[in-house]
Amino acid sequence: MLDVYLFVTPWGEQCMNSERVMMDFVHNVDQKVSFQIVPMLNMQIIQNYLHSAANQNYRSYNDLSEDMYHMILDYKAALFQCKRHGRNFLKLIQNEITTQNLPYSKELGTKIAQKANLDLTMFETDRRSQLAQDAFKSDQQTASEMNVSVSPSAVIFNADGDDCGILVEDFNNSILQQICQDSECPLSDSISFSHASVSFPHVL
-7 MLDVYLFVTP
3 WGEQCMNSER
13 VMMDFVHNVD
23 QKVSFQIVPM
33 LNMQIIQNYL
43 HSAANQNYRS
53 YNDLSEDMYH
63 MILDYKAALF
73 QCKRHGRNFL
83 KLIQNEITTQ
93 NLPYSKELGT
103 KIAQKANLDL
113 TMFETDRRSQ
123 LAQDAFKSDQ
133 QTASEMNVSV
143 SPSAVIFNAD
153 GDDCGILVED
163 FNNSILQQIC
173 QDSECPLSDS
183 ISFSHASVSF
193 PHVL
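Encoded structure:
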């Protein structure tokens, strides 16, 4: 089994693309995959987005930091209902913020939760709960333990073997192809695809 962790900025086009690439990867490998999308939040991520061309809504570091944090808590609350709902919630709210250029708000989170078919009563209870805050802290600790500092980054482990794994920073489709095809990569023998004609899934 493969354990895959995808560490991303809470929102942004690059991270949305990385999520699509990794989802294609997960859906096309033969092996069973445990897959987690982990939004990261630190000073560098906030500063990078604040001063990027993609930022059209924020001028204050504190406002951006607070909104990114609250969006992550909303995502954790959605995950409590099931992984599929959580990922759908993340995709939908990232699209609103990144593609539609909307600022995050609690009202937006509620709207997306409804669109993602979440139990709204449970969502409203969980989104600012201690459990969601603890889940956020655990994710940041995981990123630190895995020495992840760049977003997006992927950490891939072969849980069935000797727990060998790799950290891929700023990854893209071509880099993941190398992982699958390079005989010197410690994971190359652990990854195979369901269809012989597919060397690696396409990128949207």
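Positions -7 to 196 (the working numbering) are the ones given, in order, by the sequence shown.
Glycine included, C-beta positions come from ideal geometry on N, C-alpha and C.
Worksheet item: So, are the CB atoms of Asn150 and Leu(-6) less than 8 Å apart?
Response: yes
Worksheet item: Skipping 5 residues on each side, what residues in its chain have a beta carbon closer than 7 Å to that of Asn80?
Response: Ala108
Fill in: Assigned exposure category for Cys74 - 16 Cβ within 10 Å defines buried
exposed
Discussion item. Can you check which of these residues, Ile64, Thr102, Leu84, Arg76, is closest to Ala127 by C-alpha distance?
Written reply: Relative to Ala127, the option among Ile64, Thr102, Leu84, Arg76 whose CA is nearest is Ile64.
Item to complete: Classify Gln56 as buried or exposed, calling it buried when 16 or more other Cβ atoms lie within 10 Å of its own Cβ.
Response: Going by the sequence as given, residue 56 is Leu instead of Gln. Buried: at least 16 other Cβ atoms inside 10 Å.
Fill in: Between the CA atoms of Glu116 and Thr102 - distance to the nearest angstrom
8 Å
Practice prompt. In angstroms with no decimal places, state the Cα-to-Cα distance between Leu94 and His77.
Written response: 22 Å
Item to complete: Kindly list the residues whose CB is nearer than 6 Å to the CB of Arg51, restricted to its own chain and excluding five residues on each side of it in sequence; keep chain order.
Response: The answer is none, since no qualifying residue turns up.
Worksheet item: Would you say Leu82 and Tyr61 are within 8 Å of each other, going by their C-beta atoms?
Response: Not in contact: Leu82 and Tyr61 (Cβ atoms no closer than 8 Å).
Worksheet item: Got a sec? Which residues, its chain only, sit under 7 Å from Asn47 by beta carbon, not counting five neighbours each side?
Response: Tyr41
Discussion item. Could you pull the DSSP bridge partners for Ile29 from this structure?
Written reply: Leu(-2)
Worksheet item: For Glu161, which beta-bridge partners are listed by DSSP?
Response: Beta-bridge pairing by DSSP links Glu161 to Ser145.
Discussion item. For a test of the three-state rule: what should DSSP assign to Val13, helix, strand or coil?
Written reply: helix
Worksheet item: Between Asn54, Met15, Glu11, which lies nearest to Asp31 when the distance is taken from Cα to Cα?
Response: Reading off the sequence, residue 31 comes out as Pro, not Asp. Ranking the options by Cα distance to Pro31, first place goes to Glu11.
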